[in-house]
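Residue numbering for the sequence shown is 1 to 801, as defined by full-length UniProt numbering. Here the structure comes first, spelled out in structure tokens, and everything after it is commentary.
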Amino acid sequence: MRTPLIIFFLLSFFAIQAQSVSITFEVNMSYQIQQANFDPENEFVDIAGTFNEWGSTLNKLNDSDGDSIWSVTIQGFSNGQNIEFKFRYNGQWDDREEFPGAGNNRTHIVGSSDETLSFWYNDEEPATGPAVANIGSSSSFTYVGGSILFSDESKGQIDDVEWVFEGGTPNTSVESNVSVTYDTPGTYDVTLRVSNSFSEDEKILQDFIKVEEQSTEDLAWWNETTFYEIFVRSFYDSDGDGIGDFNGITEKLDYLNDGDPTTSTDLGVEGIWLMPIHDSPSYHGYDVNDYRSINPDYGSIDDFKNFLDEAHKRGIKVIIDLVLNHSSTETDWFKESQSSPSSAKRNWYRWSDSKPSYSGPWGQNVWHGSSSPYYYGLFWGGMPDLNYEEPALKEEMFDITRFWLEEIGIDGYRLDAVKYIYEDGNQLEDLPETHAFWREWVAITKQSNPDALSVGEAWTSTEKVVPYVVNDGLDFCFEFDLSSAMLNSVKTGDAYHVSNQINKVINSYPYYQFASFATNHDQNRIMDELSSDEDKVKLIAATYLTLPGVPFVYYGEEVGMLGSKPDENIRRPMSWSNASHAGFSESSPWNAPSDNYSTHNVEVAKQDGSSLFNWYRRLINLRNNEVALQKGVYREIVTKNASVLAFWREFEDDQLLIMINYGDTQATETISTSELNPMDENQAMVDYLDASTRIDVSNISSFDLKLSANQVRILQPGSLTLSTKVRDNLTVFPNPTSNQLYLENIQVPFYYQLMDIKGRVIRSESNQTNRLIDVSDLATGTYLLKLIDRDSKSTVKVQIN
């Protein structure tokens, strides 16, 4: 009767194996709280792992006794089960979770009985042991007037820190994180001393900081320009065929810039980048058939010239996309090259009798053709790469470059895919030959037009972009790392991402020679990235329109257009109104308009003072009017709130303090007046977004500044005491009027209230930059116009007939 005993034993064994086990997960948050990385009053910790579909089922931890150790007990594990997990904040995957990135998980094999697992969040715990000094810095180089962020990265228990910054301001500090400004060219030491009750250490970086003179006189017109990227096919259809065209852009130029500096109802951009305009078999145009042609969908060469003339009349520069890396397979060049090994254009492309086995940078196939010979095309088979080892091809592309500059009169180029011009076997990007090619190409453009702009698309890390710009290279390139950093700060509420990257960028490129942007035609639109949260979109706009660099706005971004991959959906027709087809065309457009066009369009946005459009308009006009934002020094101010970015922009007498709160809760910062320029008596900081708000900073060492969640504050020095009388040189005319009032000799931006004779407010604007006030809709009568600018307050009686 052995068999029943064996069965009983096996049943008992498997019953033990299947017994449910509970695990209590504990995570110590005290160090995260100490570092202000976690707010226990407003946030929570949860656990995500293989046992809850990585957080799809929310398992919150609790701290019931307030000891900063958060815990949760989860049932249902089995002996021998292999689990993976990590802790995170607020049920979110936002890079604040432990060990961000795929595969960086905690692992555990479940035992046979209930157990408790204890951890420090992110495995970070208070330091112990002897003090060992170590210095962190955002850069080792800056220009005169620039700043560098230093951080104490010492090991062990650190009770006291003492910095010495040779040649810097401040010269000494006892703070862990310090922003230091350097005003004199030279090479300087940095010293950090750290100590505790039982040890001390010192770190000296000799000749670590290099400071060079940089004259802003060397800066070109593009540093004073905000650009606007246009996909011609999607901007405006003038002839009713459902496709945007040059005449459509011409018709809408006054929306972008009406050419009148006394008005500010237009967006205010002073540069246009046109995506490819040449004949092409594709809707997007990045595979060119004829580099000297115009895409017939967009009009004629005369239409383009007329658009160019009208843009120039308004002071708008125009650059066009130039795709030098590859062409279309339908171009005559490729057809001739493909026709015979003895073709004169055979070497204009790369051919191989056998198909090489290597892949492209993102794992794609780069050798194309159904049989031998095969041709090389980095992006796909319809875009064969041009071979610049062939002198005749190179000279032809140089001639094309000259043609558009000299014969047509464009102002420069946006250059596609600059990383891939030369290849060496399976080395396909960033070759020295590619850098040399662009220096040669730039010399050609400057011979044709010394003021011609060249901006490159090198979609890679900052370190790899810099070689394309230095040593007489391209004028500048797009800063994709900065774009990502801005998005990360807005999504996570942590200003560190922007702070770290902008300091790196400023001190990496020639002075302010980089392009900033939110997203472009290859990326999901910013409204999609931020889940249609307009307050957060405004944070992105305020960031890149007030930081150094050359800003680029993607068409429709300013009205909140939606769009995410595939690419066609990122390039939908412009939302002009809530009429049929979004006001883009009188017929069915080439692609459906943005899903939110009925609520987010130019016509609606212009009527809403708090709209995205008016936010962009104000910021762009501010940048146009404030030379400090165009080429002034950038000096970051260390903040106590991780969510707040604060910086000072200054050029001669033009000064601004910018404060951006990326967080979802209110933050208060204490600003030392020593961080600003010396304040005169009777001095105030005037809020650009509300000129009636003035902060008295005379004879004080610091002042508090409150920022609401996701708020931007822009302040400028101004007068504290305001005159209650009309300024001697202020003129309001015509008065009487029936339609418009024009204000002369008032500083912009200004605040105004239009009141009836009893003092009831009829209309107001908090940051007006347009000196024309429309009163055509008001009834006949006498009104009071209250005006406040940076230095004065006035009230004027006006008569409307």
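Virtual Cβ for every residue (Gly too), placed ideally from N, Cα, C. Being a predicted model, the structure only gives us computed values, none of them experimental.
Could you tell me which residues DSSP pairs with residue i in its beta bridges?
i                 : result
methionine 29     : None, per the DSSP bridge assignment.
phenylalanine 412 : In the sequence as displayed, the identity of residue 412 is glycine instead of phenylalanine. According to DSSP, glycine 412 bridges with Ile319 and Leu453.
threonine 780     : Paired residues: none, contrary to the question.
phenylalanine 227 : Gly271 and Phe552
histidine 108     : Ile83
arginine 763      : Leu754
alanine 684       : Asp696 and Gly718
serine 672        : Ser702
leucine 785       : Leu754 and Val796
tyrosine 634      : Arg649
glutamate 162     : Arg193
glycine 136       : Ser151
arginine 713      : Met659
valine 21         : Phe77
lysine 203        : Leu192
alanine 177       : Note that residue 177 is asparagine in the sequence shown, not alanine. BP columns for asparagine 177 point to Ser151.
threonine 116     : Thr24
Do residue j and residue i come within 8 Å of each other at the CB atom, strictly closer than that value?
i              : j                 : result
valine 180     : phenylalanine 150 : yes
leucine 547    : serine 516        : yes
leucine 622    : tyrosine 688      : yes
proline 281    : glutamate 336     : no
isoleucine 83  : phenylalanine 25  : no
proline 566    : phenylalanine 584 : no
aspartate 475  : valine 455        : yes
asparagine 325 : arginine 350      : no
threonine 216  : proline 551       : no
arginine 88    : alanine 36        : no
glycine 412    : leucine 308       : no
valine 559     : serine 575        : yes
isoleucine 773 : leucine 741       : yes
tyrosine 243   : aspartate 237     : Note that residue 243 is isoleucine in the sequence shown, not tyrosine. Yes; because the gap between Cβ atoms is below 8 Å, this pair is in contact.
Just the C-alpha distance for residue i and residue j, rounded to the nearest angstrom, thanks.
i                 : j                : result
glutamine 427     : proline 373      : 21 Å
arginine 649      : arginine 617     : 20 Å
phenylalanine 44  : aspartate 756    : 52 Å
residue 802       : aspartate 696    : Past the boundaries of the shown model lies residue 802; the chain is included only from 1 to 801, so the question cannot be answered.
aspartate 608     : isoleucine 502   : 32 Å
residue 816       : aspartate 451    : Any question about residue 816 goes unanswered here, given that the chain covers just 1 to 801.
serine 794        : serine 738       : 22 Å
serine 564        : glutamine 523    : 7 Å
leucine 754       : valine 627       : 30 Å
residue 808       : phenylalanine 85 : With the chain running from 1 to 801 in the structure shown, residue 808 is simply not present.
glycine 315       : glycine 259      : 6 Å
valine 323        : serine 499       : 33 Å
aspartate 290     : glycine 377      : 18 Å
isoleucine 400    : glutamine 711    : 48 Å
valine 27         : lysine 60        : 12 Å
serine 371        : alanine 344      : 22 Å
valine 633        : tyrosine 228     : 24 Å
glutamate 457     : leucine 405      : 20 Å
residue 850       : threonine 50     : Here the chain covers residues 1 to 801 and nothing more, so residue 850 does not appear.
proline 467       : asparagine 614   : 38 Å
alanine 646       : leucine 676      : 12 Å
phenylalanine 165 : valine 144       : 15 Å
serine 354        : proline 341      : 14 Å
Take residue i and list the residues in its own chain whose beta-carbon comes closer than 6 Å to its own, dropping the five residues that flank it on each side.
i             : result
tyrosine 358  : Asn426
glutamine 338 : none
proline 276   : Gly285, Tyr286 and Asp321
asparagine 52 : Asn59
valine 194    : Ala131, Ala133, Ser154, Ile158, Val161 and Asp201
Which residues in the same chain have their Cβ closer than 7 Å to the Cβ of residue i, if we skip the five residues on either side of it in sequence?
i              : result
asparagine 770 : Thr263, Ser264 and Thr265
isoleucine 135 : Phe150, Glu153, Val190, Leu192, Lys203 and Leu205
Using C-beta distances below 8 Å, list every residue in its chain close to residue i, excluding the 5 sequence neighbours before and after it, in chain order.
i              : result
leucine 787    : Leu730, Leu743, Ile746, Phe750, Tyr751, Tyr752, Lys793, Ser794, Thr795 and Val796
asparagine 257 : Asp266, Leu267, Gly268, Val269, Glu270, Arg314, Gly315 and Ile316
Is there a C-beta anywhere in chain C that falls below 8 Å from the one on residue i?
i              : result
asparagine 641 : Protein chains in the displayed structure number just one, and chain C is not present.
Q. In chain order, which continuous runs of the alpha helix (DSSP H) of length 4 or greater are located wholly inside the stretch 596-625?
A. Runs of the alpha helix (DSSP H) lying entirely within the stretch 596-625, each at least 4 residues long, are 602-606 and 612-625 in chain order.
- Quick one: complete beta strand (DSSP E) runs, 3+ long, within the stretch 45-94? 45-49, 69-78 and 82-89
Jot down the residue ranges of each uninterrupted beta strand (DSSP E) in the stretch 329-403, minimum 3 residues, whole runs only, in chain order. 374-376
| query | Which full runs of the alpha helix (DSSP H) of 4+ residues lie inside the stretch 515-540, going along the chain? | reply | 526-529
Just list the alpha helix (DSSP H) runs in the stretch 464-517, keeping only unbroken ones of 4 residues or longer that don't cross its boundaries, in chain order. 480-492 and 496-506
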